[in-house]
Each structure stands twice: as C-alpha cells, then as structure tokens.
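K.L.:
Supplied in structure tokens, the structure appears directly below.
In our numbering, the protein residues as written are 151 to 507.
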C-alpha cells in the first residue's frame with residue numbers, strides 16, 4: 151500500500167532532520183493520494199473537486215485531525231450525492247478517520263463515529279448497497295476508528311506512566327543523595343570536631359601534637375570535599391572510589407583505632423558503595439555516641455550474601471534508641487534486599503551486623 155511507503159518516508163525524514171512529521175511530509179502524502187484518486191476516478195469537475203478535497207483533508211488529518219476528517223467526509227458525501235463516486239475515496243477518508251481517533255482529543259475524536267453512518271449512506275445514495283454490506287462497512291469503519299482511539303489512549307497512559315516513573319526515579323535519587331550527604335557530612339564533621347577538641351586540650355602543653363591534630367583536621371576536610379564531589383558529580387574515571395583503608399586511617403587521626411578484616415571478592419559498585427557508607431556510619435556512631443577508642447570491621451562473602459560486622463568497644467547506651475544513623479544503615483540494606491541487626495555485645499561494646507544480598 152502507498153500508505154506504508156509514506157510511513158517509511160516519514161521515518162526517514164525523522165532520522166535525517168531530527169524532527170517529527172512536518173507539513174512538507176504531510177503535503178507529499180496528500181499529493182500522492184490526490185494523484186492516485188485522480189488517476190482512477192471520474193474526470194467530471196465535481197468529482198475532481200471532491201477528490202482534491204479528500205486529499206487535502208487527508209494531508210491535514212494528523213496536524214488538524216478534526217478539520218481534516220470533516221473536510222474529507224464532506225467531500226465524500228458530496229461526491230456520493232451529486233457526482234459519480236470514486237472507489238478510492240472511502241479508503242482515503244478511512245485513513246482520516248483513523249487519524250481522528252489517534253490524534254484528536256478524546257472529546258473531538260467522538261465526532262468520527264457520529265459521521266460514519268451518514269457518510270456511508272450518502273456515498274451509496276446513487277447506487278444503493280444491500281443492508282448486510284452497509285452494516286459490514288459501518289462495522290469496519292468503526293473498528294478502524296476504535297483502533298486509532300485505543301492507540302491514542304495507550305500512548306497517553308504510557309506517557310503518564312513514564313512521567314510517574316521519572317518522578318519516582320527523581321525522588322529515589324534525591325533520597326539517595328540525602329543519605330549520601332548525611333553520611334558524608336555527619337561523619338566528617340564528627341571526626342573534625344574530635345580532632346579539633348583534642349588539639350585544643352594539648353595546645354598549651356604539646357604544640358607539636360596540636361599542630362599534627364590540626365593538620366589532620368585540614369586533611370579530613372580536603373578528603374570530605376573530594377567525597378562531596380563524588381556524591382554530587384558522580385565517580386570520575388581516575389577516582390579511587392570508596393576505600394575502607396582510608397576511612398580507617400581517618401578514624402585513627404581521631405584517636406579511634408580501626409582494624410579491617412576483609413575477605414570478599416570484588417563487589418558490584420552499588421554493593422561496594424553501600425558497604426562503605428554502612429561502615430562509615432557505624433564507626434561515626436561509635437565515635438560520637440559510644441566514645442569508642444577501637445573498632446573491628448569484618449567484611450566477608452557467604453552464601454547469604456556480603457556480611458559486614460562492625461564491633462566497637464564503646465560504652466553504648468543504657469536504653470538504646472535507634473537514631474537516624476542506624477535508620478540510614480537499615481535503608482541502605484533494604485535497597486539491596488539485605489537485613490540489619492545491632493545491639494550491645496557481651497563484655498561491653500556495640501555491634502552492627504549487615505547482610506547485603
């Protein structure tokens with residue numbers, strides 16, 4: 151069919167120009183339709199005028215679906231009532247009916263079914279057709295309109311679903327960024343406060359140690375800026391990424407000895423980052439709330455997934471209330487289908503155990 155060839159031309163136009171259907175493409179389609187109609191139809195002035203009207207309506211049926219279909223239908227009915235019918239006119243106007251259902255607003259698209267019966271009766275007025283044939287024709291026309299109408303509604307639903315998906319993804323990304331910033335800023339500020347407080351205590355008695363502690367504050371701040379850049383701008387190709395050894399060294403500068411026991415294969419990016427942030431948050435809690443001076447971090451891979459344990463020697467709390475830090479850890483684990491347990495351990499201290507699947 152010539153229409154299939156026109157669709158291919160339109161797609162080629164879109165690839166070459168980068169724009170959607172244009173008046174130029176629709177004009178070419180209308181010219182092709184007009185040529186086909188005139189080549190097989192009667193040559194009387196009235197019939198030719200109606201053929202041209204149907205072709206113009208077809209050319210406008212995507213950009214102006216209501217006006218295009220009304221013009222095509224008027225020309226079709228006029229030809230059936232006052233001139234010799236062209237056998238191709240109903241097929242051309244049928245495309246206009248499909249475009250009305252597919253491209254008009256839902257309310258305007260309802261004009262299509264209302265004009266189907268009058269159009270069929272008018273076109274066959276000079277040469278009456280059997281009732282069964284007329285009913286079958288009306289059914290086919292209504293079916294074509296229904297296909298166009300249904301496709302339009304499907305596109306609308308897909309558009310709404312895509313918008314909702316984008317909104318949900320944006321909300322998830324904002325939540326992720328909020329967790330990242332909370333973990334980063336909370337950890338860094340707490341470490342810097344501990345270092346600054348320690349330097350204040352020894353400033354008069356041991357200036358060299360105070361200077362070293364202040365250098366640690368400066369170094370921690372610079373590393374925090376690097377991590378902040380990663381969070382806001384994504385990991386750069388030359389960025390070392392999450393590093394537990396650097397984290398342990400930073401905690402050592404805050405007078406908290408951290409030992410690492412890592413026995414896990416290379417982890418996927420999401421799991422690696424989640425593990426790093428979980429350890430970071432747990433150590434920050436131990437330093438800030440538990441007044442811990444040492445901690446042991448274990449990362450192992452098992453049949454259940456990646457298991458992370460952080461055990462410190464802090465004093466814990468007499469009546470522990472889960473705070474935002476442990477809530478953030480639980481959220482990170484939940485995203486990866488994991489689980490979190492935590493609480494005091496025999497002999498003193500506190501332990502956080504996370505399983506990431």
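Just so you know, even glycine gets a beta-carbon here, dropped at the ideal spot from N, CA and C.
What are the start and end residues of each continuous alpha helix (DSSP H) run of 4 or more residues lying completely inside the region 206 to 233, in chain order?
P.N.:
If we require 4 residues or more, the alpha helix (DSSP H) runs fully inside the region 206 to 233 come out as 215 to 232.
K.L.:
Would you identify the three-state DSSP class for residue 293, choosing helix, strand or coil?
P.N.:
Helix.
K.L.:
Ordered along the chain, which non-local residues of its own chain (more than five positions away) have a Cβ less than 8 Å from that of residue 273?
P.N.:
Only 226, 227, 229, 230, 235, 239, 240 meet the Cβ criterion.
K.L.:
Taking all protein chains shown into account, do 16 or more other C-beta atoms lie within 10 angstroms of the C-beta of residue 412, making it buried, or fewer, making it exposed?
P.N.:
Flag for residue 412 reads exposed.
K.L.:
For residue 353, collect the residues of the same chain with a Cβ closer than 6 Å to its Cβ; drop the 5 residues on either side in sequence, then sort them by chain order.
P.N.:
Excluding positions up to five away in sequence, the list reads 360.
K.L.:
Can you name the start and end residues of the beta strand (DSSP E) that residue 506 belongs to?
P.N.:
From DSSP, the beta strand (DSSP E) with residue 506 extends over 500 to 506.
K.L.:
What are the residues that DSSP puts in a beta bridge with residue 357?
P.N.:
For residue 357, which the question treats as bridged, DSSP gives no partner whatsoever.
K.L.:
Out of 421, 461, 415, which one is the CA nearest neighbour of residue 406?
P.N.:
Among 421, 461, 415, the Cα nearest to that of residue 406 is on 461.
K.L.:
At a cut-off of 7 Å, is residue 411 close to the ligand SAM when judged by its beta-carbon and the heavy atoms of the ligand?
P.N.:
The ligand SAM is absent from the structure shown, which contains no ligands of any kind.
K.L.:
Is the beta carbon of residue 479 closer than 8 Å to that of residue 502?
P.N.:
For residue 502 and residue 479, yes; Cβs fall inside 8 Å.
K.L.:
Throw me the rounded Cβ distance for the residue 427 and residue 464 pair, which I believe falls under 8 Å.
P.N.:
Contact doesn't hold; Cβ gap of about 20 Å is too wide.
K.L.:
With a Cβ-Cβ cutoff of 8 Å, do residue 246 and residue 196 count as a contact?
P.N.:
No, the pair does not count as a contact, with Cβ atoms beyond the cut-off.
K.L.:
CA-CA distance, residue 170 and residue 481?
P.N.:
Reliability fails at residue 170, whose pLDDT of 48 lies under 50, so the model's placement of it is uncertain and the value that follows must be treated cautiously. The straight-line gap from Cα to Cα measures roughly 44 Å.
K.L.:
Can you tell me which of 424, 408, 260, 328 puts its alpha carbon nearest to the alpha carbon of residue 437?
P.N.:
Considering only alpha carbons, the answer is 408.
K.L.:
Quick check on this structure: which residue in 232, 489, 213 has the alpha carbon closest to the alpha carbon of residue 275?
P.N.:
It is 232 whose Cα lies nearest to the Cα of residue 275.
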